[in-house]
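For the sequence shown, the UniProt record's numbering begins at 1 and goes up steadily by one. No residue lacks a Cβ here, since even glycine has one placed at the ideal position from N, Cα and C. Working notes, structure below.
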Amino acid sequence: MKLRPGRQVASTVDGTRMIVVRAPGDDIVLTCGGAEMVDPAEAGTGEGGVADPGQQEGTVLGKRYTHDGLGLELLCTKPGQGTVAVDGEPLVLKEAKPLPASD
């Protein structure tokens, strides 16, 4: 799948929805719960695919998920039970940077 910033993707196994913040130039296989993510218009109710029981760690609303090797960053707009992954490698929850102390 070719991703670009601003594109929305949806899971076919649960209700997870993401927005692409940063995208690599290459085509990638983006999955949620082991099933490929699709355009929200194609996702239907979010219960059409078959989930992989080993990829059910869930997503958190409003959090960013990254893959530093590819330069991919996604923002969760609707949480679900599936784990978001690229080529089978789960994305990492992006940690907030601490603010500098104000003196």
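Go through its chain and collect everything with a Cβ distance to residue i's Cβ below 6 Å, but skip five positions before and after it.
i, result
"THR31", "ALA85"
"PRO40", "GLN8, ALA10"
"VAL29", "ASP87"
"ARG4", "ALA23"
"LEU61", "CYS76, PRO79"
Would residue i and residue j qualify as a contact pair, given that the criterion is a beta-carbon distance under 8 Å?
i, j, result
"ARG22", "THR77", "no"
"PRO24", "LEU93", "no"
"PRO90", "THR59", "no"
"GLN55", "GLY69", "no"
Assign residue i to one of three DSSP states: helix, strand, or coil.
i, result
"GLU57", "coil"
"ALA51", "coil"
"ALA10", "strand"
"PRO98", "coil"
"ALA41", "helix"
"PRO90", "strand"
"ARG17", "strand"
Leaving out five residues before and five after residue i in sequence, what residues of the same chain have Cβ atoms less than 7 Å from its Cβ?
i, result
"LEU75", "MET18, ILE19, VAL21, ARG64"
For the putative contact between residue i and residue j, defined by C-beta atoms under 8 Å, what is the C-beta separation to the nearest angstrom?
i, j, result
"GLY82", "ALA43", "Not quite, the Cβ-Cβ distance comes to about 12 Å (not below 8 Å), so this is no contact."
Closer than 7 Å: is that where the CB of residue i sits relative to any heavy atom of the ligand FAD?
i, result
"GLU95", "Within the structure as shown, the ligand FAD is missing, as the structure has no ligands at all."
Using C-beta distances below 8 Å, list every residue in its chain close to residue i, excluding the 5 sequence neighbours before and after it, in chain order.
i, result
"ASP27", "MET1, LYS2"
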